[in-house]
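**Q** Residue numbers (numbering that gives the first Met the number 0): 0 to 235. Every residue, glycine too, gets a C-beta built ideally from N, C-alpha and C. One structure follows; several queries about it will come next.
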Amino acid sequence: MLINLRSFSWDGERPALSCSILQALFSASGKTLKEISTTTLSAQIGREGIPLTSTPTRLHTLFISHAGIGADMLSIDAQAVNSMARILEANAHTLVRLTILSDILWLCSVPSFVGLQELAFVFTGNFDDLPLIFRHCAVLTSLTILSIHPDELLPVLEAHPDALPTLTSFKFLNMGPDTLSEEEVDILFRFLQNKQRLRRLDLSVSAQSGADQALLRLLPKLPALDALGYELTLFD
Numbered sequence: 000m001l002i003n004l005r006s007f008s009w010d011g012e013r014p015a016l017s018c019s020i021l022q023a024l025f026s027a028s029g030k031t032l033k034e035i036s037t038t039t040l041s042a043q044i045g046r047e048g049i050p051l052t053s054t055p056t057r058l059h060t061l062f063i064s065h066a067g068i069g070a071d072m073l074s075i076d077a078q079a080v081n082s083m084a085r086i087l088e089a090n091a092h093t094l095v096r097l098t099i100l101s102d103i104l105w106l107c108s109v110p111s112f113v114g115l116q117e118l119a120f121v122f123t124g125n126f127d128d129l130p131l132i133f134r135h136c137a138v139l140t141s142l143t144i145l146s147i148h149p150d151e152l153l154p155v156l157e158a159h160p161d162a163l164p165t166l167t168s169f170k171f172l173n174m175g176p177d178t179l180s181e182e183e184v185d186i187l188f189r190f191l192q193n194k195q196r197l198r199r200l201d202l203s204v205s206a207q208s209g210a211d212q213a214l215l216r217l218l219p220k221l222p223a224l225d226a227l228g229y230e231l232t233l234f235d
């Protein structure tokens with residue numbers, strides 16, 4: 000039933016994606032799979048594990064998220080996370096598009112993600128190792144961050160304003176309740192202002208009044224920009 004599939008997607012929380020389904024999928028289509036997408040990680044995956052002998056090794060797209068706004072690593076089985084990290088490492092030589100909870104990525108060695116062209120962090124609060132991406136992902140052109148703790152992200156951006164100069168797409172969506180101060184908005188925009196190749200910019204933030212004017216000052220500094228999506232909720 001799962002023979003020679005090239006793409007597999009498992010959406011929704013119930014039932015969660017189980018180890019038995021993954022084993023059947025990998026055994027039948029491990030050599031042909033190019034894309035895997037899942038929004039659930041069952042604890043069963045952690046308990047039973049995924050046989051490395053059947054793990055696919057030719058993926059170019061891997062999407063590992065978690066259903067529900069505000070979901071975080073506390074609700075995901077740690078051993079299941081380790082299993083997914085092994086899948087990522089097994090496909091390091093072919094993987095170009097990755098959507099992931101950052102805690103999974105940080106379990107992997109640097110060579111596992113240096114070839115990425117598109118990277119998205121989903122429901123992420125841990126950005127301590129983000130400088131590894133800045134230093135080693137030389138071909139990265141697209142970065143998406145769905146953050147629930149922007150106060151953890153912004154100091155990293157402030158310390159590396161010149162990182163990733165070849166980005167063509169940047170998306171920052173603040174999924175948490177925090178309102179960004181004027182200073183925090185300035186940090187974000189200083190990180191963006193030297194991205195001369197940026198063609199697409201998507202922003203969704205709650206910020207203090209004045210953020211809209213700061214955005215207008217930023218736009219002339221992005222000469223390649225041809226697509227802009229923004230949702231600014233302003234507070235006095």
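Who are the near neighbours of Gly-209 in its chain, counting only those whose CB is closer than 6 Å to its CB and skipping five residues on each side?
**A** Only Glu-181 meet the Cβ criterion.
**Q** Could you tell me which residues DSSP puts in a beta bridge with Val-204?
**A** According to DSSP, which records beta bridges pairwise, Val-204 is partnered with Leu-231.
**Q** Could you give the distance in angstroms between the alpha-carbon of Ala-70 and the alpha-carbon of Phe-122?
**A** Residue confidence for Ala-70 is low, a pLDDT of 46 falling below 50, so the modelled location carries little weight; the figure read from the coordinates is stated next. About 6 Å.
**Q** Ser-19 lies in the alpha helix (DSSP H); which residues open and close that run?
**A** Ser-19 -> alpha helix (DSSP H) spans 18-28.
**Q** Please report whether the beta-carbon of Asp-127 lies at a distance below 8 Å from any beta-carbon of chain D.
**A** The structure shown contains no chain D, having only a single protein chain.
**Q** Have a look at Ser-28 and Asn-3 and give me their C-alpha separation to the nearest angstrom.
**A** Going from the Cα of Ser-28 to the Cα of Asn-3 covers about 5 Å.
**Q** What residues in its chain sit with their C-beta under 8 Å from that of Gln-116, if we drop five residues either side in the sequence?
**A** Answer for Gln-116: Val-95, Arg-96, Val-138, Leu-139, Thr-140 and Ser-141, listed in chain order.
**Q** DSSP on Ile-99, reduced to helix/strand/coil?
**A** DSSP places Ile-99 in strand when its eight states are reduced to three.
**Q** Whose CA, out of Leu-129, Ala-84 and Lys-194, lies closest to the CA of Pro-164?
**A** That would be Lys-194, whose Cα lies nearest to the Cα of Pro-164.
**Q** Taking Cβ to Cβ, would you say Leu-187 is nearer than 8 Å to Leu-221?
**A** Not a contact, by the Cβ cut-off of 8 Å.
**Q** Identify whether Arg-199 lies in helix, strand or coil by the three-state DSSP scheme.
**A** Strand, per DSSP.
**Q** Got a sec? Which residues, its chain only, sit under 8 Å from Gln-207 by beta carbon, not counting five neighbours each side?
**A** Counting only Cβ-Cβ distances below 8 Å, and skipping sequence neighbours, we find Thr-178, Leu-179, Ser-180, Glu-181, Val-184, Leu-233, Phe-234 and Asp-235.
**Q** Looking only at its chain, what residues have a beta carbon closer than 8 Å to the beta carbon of Glu-230, apart from the 5 residues adjacent to it on each side?
**A** If we look at Glu-230 and ignore the five residues flanking it on each side, its Cβ neighbours are Leu-202, Ser-203 and Val-204.
**Q** DSSP three-state call for Ser-111: helix, strand or coil?
**A** Correct three-state label for Ser-111: helix.
**Q** Taking only heavy atoms of the ligand SAM into account, decide whether any of them is closer than 7 Å to the Cβ of Leu-152.
**A** Questions concerning the ligand SAM fall outside what the structure shown contains, since it holds no ligand whatsoever.
**Q** Taking the C-alpha atoms as reference points, what is the distance between Pro-219 and Gln-192?
**A** One C-alpha to the other measures close to 9 Å.
**Q** What three-state label does DSSP hand Ala-89 in the structure shown?
**A** Three-state result, Ala-89: helix.
**Q** Taking only runs of the alpha helix (DSSP H) that begin and end inside the segment 146-220, which ones reach a length of at least 4 residues, in chain order?
**A** Runs found: 149-158, 181-191 and 210-217.
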